[in-house]
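Input: a single structure, listed below in structure tokens.
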Amino acid sequence: TTVRILATLLKADGGTVGVDGFDVAAQPARVRQSISLTGQFAAVDQILTGRENLVLVARLRHLDGPGAIADGLLERFSLTEAGGRRVATYSGGMRRRLDIAMSLIGNPPVVFLDEPTTGLDPQGRIEVWRTVKALAGSGTTVLLTTQLLDEAEQLADRIAILHQGRIIADGTLEELQRLLPPAKTEYVERRPSLEDVFLAIVGEGAGAGEDEDAGTGAAEGEERA
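Pasting the structure below:
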């Protein structure tokens, strides 16, 4: 609901909201020019190639040089080699990166990412994390929603905690941690998590995310970690 209000898709019951200096209720057109929204699932045409998806969006936005724009984004998101393939052959992480690349056409200063790692395997999730960090590092304002607390901890400069439709706390990670009593210092041996094992076996550096079948599981009756 919050993202829909910020994106001018839903009218707020009360109060005021500003995005990039524009009032959402009074200046919705200006707000829409400043933002891009990526939903929980990649909104890409699987029949088209990755490059064709990008060219299509650039043309719909009436931008000059749609081919050059597409090629630049393919390179930026490490999809150049896959750009000529149909999106139906992409892994989940690759589709999500293409979806985010499409949302950046026109260089919006503000990007909304609504649970961008939904449905991704651990490797695809790491790929999206890297993409989000690169976006923020380039100066783009990124508002990311997630139900995965470790994701917020890894990515966010500031965190807002919503509960029953209200923000009950917000601040940096360190500020939020100070809301709890001081922790006792203890030395513990950290065992590798299942995600650590998965990435070590599959290869964390495999940024292209070519393997669509990568995943984890346990057979019935086996001991689970």
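Here the sequence shown is numbered in the UniProt record's numbering, starting from 1 and rising by one per residue. Don't be surprised by glycine CBs; every beta carbon is placed ideally from N, CA and C. Predicted, not measured: the structure shown is a model, and the values here were computed from it.
S138 burial status per 10 Å Cβ neighbour count (16 or more: buried): S138 should be labelled exposed.
Strand pairing of A169, partner residues [DSSP]: I161
Simplified DSSP assignment, three categories, for S193: coil
Cβ-based burial, A169 [other Cβ within 10 Å; buried from 16]: exposed
Close beta carbons around A88, own chain, < 6 Å, minus the five adjacent residues each side: Excluding residues within five positions, the ones whose Cβ falls inside 6 Å are Q46.
Neighbourhood of G106 by C-beta, 6 Å cutoff - its chain only, sequence neighbours within 5 removed: R61
V19 vs L6 beta-carbon contact at 8 Å: Taking 8 Å as the cut-off, the Cβ atoms of V19 and L6 count as close.
Runs of beta strand (DSSP E) wholly within the stretch 114-156 (minimum 3 residues, chain order): 141-145
Proximal residues to A152 (C-beta, below 6 Å), its chain only, five neighbours per side dropped: T146 and I159
Residue from E115, D23, L162 and S103 whose Cα sits closest to the Cα of I35: Here the closest residue by C-alpha is S103.
In chain order, each beta strand (DSSP E) run of at least 3 residues that lies wholly inside the stretch 43-107: none
Same chain only: Cβ atoms within 7 Å of R51, ignoring 5 sequence neighbours per side: A70, L74, G83 and G84
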